[in-house]
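Residue numbers (the numbering used here): 253 to 408.
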């Protein structure tokens, strides 16, 4: 999708036999690995075809006031990327460990990445449930927020 400033938008549609079976939208920030400075969109050519923005919301997650610790998760080597931080594709699996998935499936999921979780980090996992939505916050050992997430389930 068209991007601006330091926000790289990525919109997806997953199709099977010409039928859309899933959609996703994400916002990314690119960081220069040497200087650790953000890279503006105007300085980086993705050389990708621009597609229209879908109608998905990319709002910030606001956590309910009442949230309770439901467990912890230790970042394993198999969870990590080349920077030895938890790969963003592993977070949904981690949240699944703390969801009542019997006879249910994930309908929607939104994840806000705040701080990296390095290998061997033990994340504390608080969760809330309000108005049909599960809210997650993962906290690093130093108390910093790692992620915020919302998950909605559907009956199978």
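Ideal Cβ positions, reconstructed from N, Cα and C, are used throughout, including at glycine.
- Distance between residue 326 and residue 377, taken at the CA atoms: about 11 Å.
- Beta-bridge analysis with DSSP links residue 364 to 400.
- About 33 Å separates the Cβ atoms of residue 265 and residue 319, ruling out a contact at the 8 Å cut-off.
- The residue from 386, 255, 322, 311 with its alpha-carbon nearest to that of residue 299 is 255.
- Rounded to the nearest whole angstrom, the C-alpha separation of residue 350 and residue 287 is 37 Å.
- Around the Cβ of residue 389, a 10 Å sphere holds 16 or more other Cβ atoms; the residue is buried.
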